[in-house]
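There are 2 protein chains.
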Amino acid sequence: MASCVKTERPAFFIEKILELETPEHFWKLHRPWAEIGAEKENVGHTLSSKQIYPPHPQQMRPTCSWYIGRRPRTAFTNCQVNVLETVFQVNCYPGIQLREQLAVRLELEEDRIQIWFQNRRAKLRRALRESRLQLVQTAVGDLGVRREVKGHLDLEKEEEKGG
Amino acid sequence: MASCVKTERPAFFIEKILELETPEHFWKLHRPWAEIGAEKENVGHTLSSKQIYPPHPQQMRPTCSWYIGRRPRTAFTNCQVNVLETVFQVNCYPGIQLREQLAVRLELEEDRIQIWFQNRRAKLRRALRESRLQLVQTAVGDLGVRREVKGHLDLEKEEEKGG
DNA sequence: TTATAATTTAATCGC
DNA sequence: GCGATTAAATTATT
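From first to last, the protein sequence lines stand for chains S and D. Per the UniProt record's numbering: the first sequence = residues 1 to 163. Per the UniProt record's numbering: the second sequence = residues 1 to 163.
Right under this line is the structure:
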């Protein structure tokens, strides 16, 4: 890409820097839920904040995604979603305090709440964008239809003349 | 579901939940992106001039103008990132001079470079913080394991005695 | 397949 | 400059 073409410039300081080896990153971000040995015994009741354990104690295959390092997908209940949606209608930017309260009430981690609102806002933005786009498109379409109609009428006139 | 049972706590009035109590929050409620639907034309995106964005009003919570005026996300090429990472390994606080040089070489604005290094440092800090945390947690976990093991051993002794 | 939870990271805000 | 947070873009799961 253009960004990477070598220029004819004399050696910059950067060139020296760039000649150094690039040791790849050896640390991964810490993913507590990916730790195998760190299961908790009290799986029955959640609300243990920040202490995460494999969601499916049965399957311990190392091929599982939680093993690989991704947090297992949270399945919100209808009820939880209802509450979140209701709050969202009034305040789609809940502060930390509200998020914590929601976390307690819904028995979720505060992180899940925050992510939920982020994704929810993205969804709203997407919807608005699409509806705006559709508005434009229908407007343009209307223009096209009118032109077509006008063309047809003109053509009919011509035909009348010609006939 | 358990998440939704009503608790007996009366002190959970909706105003607090929705953060309506603080007038400061009131004006930021539920009004994102809808107000001014100004779709801006797709910017050239590479070396576009610096001031195409509305200046940020004095105090800005997440509000609509803040969203609308947001700079379109820069998509760095792999090559650009590689160079930046390489430089970062040597100097994660590049001065203005080095940043300008990088900007020229990578065909980016110097601002993008600066932001990149800021974010990169934040990432590094986060990683270090979390790896430290993990160290502590595994240490604590080890303690727990040792206690458990000791308990088991004690129990075995007891059983031996009893049998 | 779609919807959406989760991840990564560029950009923004307040300090 | 840093911490926190956001949006954008993407990945991946159910």
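Ideal placement from N, C-alpha and C gives every residue a C-beta, glycine not left out.
Continuous alpha helix (DSSP H) stretch holding residue i: start and end
i        : result
Glu100/S : 96 to 106
Under the three-state DSSP convention, the category residue i falls into
i        : result
Cys79/D  : helix
Glu109/D : coil
Arg71/D  : coil
Asn91/S  : coil
Lys40/D  : Any answer about Lys40/D is weak, because its pLDDT of 33 lies below 50 and its placement is not dependable; what the coordinates show is given next. Reduced to three states, the DSSP call for Lys40/D is coil.
Ala139/D : helix
Gln59/D  : Because the pLDDT of Gln59/D is 30, which lies under 50, any placement of that residue in the model is unreliable, and the number read from its coordinates should be weighed accordingly. In this structure, Gln59/D counts as coil in the three-state DSSP scheme.
Residue i versus residue j: straight-line alpha-carbon distance, rounded
i        : j        : result
Leu106/S : Asn91/S  : 17 Å
Lys150/D : Ser131/D : 28 Å
Gln134/S : Arg126/S : 12 Å
Val145/D : Gln97/D  : 53 Å
Phe76/D  : Leu128/D : 25 Å
Asp71/D  : Ala122/S : The question names Asp, but residue 71/D is Arg in the sequence shown. Their Cα atoms are separated by approximately 17 Å.
Gln137/S : Arg147/S : 15 Å
Asp142/S : Asn82/S  : 39 Å
Glu39/D  : Val140/S : At Glu39/D the pLDDT is 37, less than 50, meaning the model places this residue with poor confidence; the figure from the coordinates comes in the next sentence. Cα to Cα, Glu39/D sits roughly 16 Å from Val140/S.
Thr86/S  : Thr86/D  : 47 Å
Nonlocal neighbours in the same chain, by C-beta distance under 6 Å from residue i, ignoring five residues either side
i        : result
Val74/D  : A small correction: the amino acid at residue 74/D is Thr; Val does not occupy that position in the sequence shown. Excluding residues within five positions, the ones whose Cβ falls inside 6 Å are Arg112.
Glu110/D : Arg99, Glu100, Ala103
Thr120/D : The sequence given here places Arg at residue 120/D; Thr does not occur at that position. Once the five neighbours on either side are set aside, the close Cβ partners of Arg120/D are Phe88.
Asn78/D  : none
Close Cβ partners of residue i (< 8 Å) along its chain, the five nearest in sequence each way excluded
i        : result
Phe117/D : Leu84, Phe88, Cys92, Tyr93, Pro94, Arg99
Val5/D   : No answer about Val5/D holds up, because its pLDDT of 36 lies below 50 and its placement is not dependable.
Whole-number beta carbon distance between residue j and residue i, since they are thought to touch under 8 Å
i       : j        : result
Gln80/S : Leu124/S : About 18 Å; that fails the 8 Å criterion.
Close-in-space but distant-in-sequence residues of the same chain around residue i (CB under 7 Å, 5 per side omitted)
i        : result
Gln114/S : Arg99
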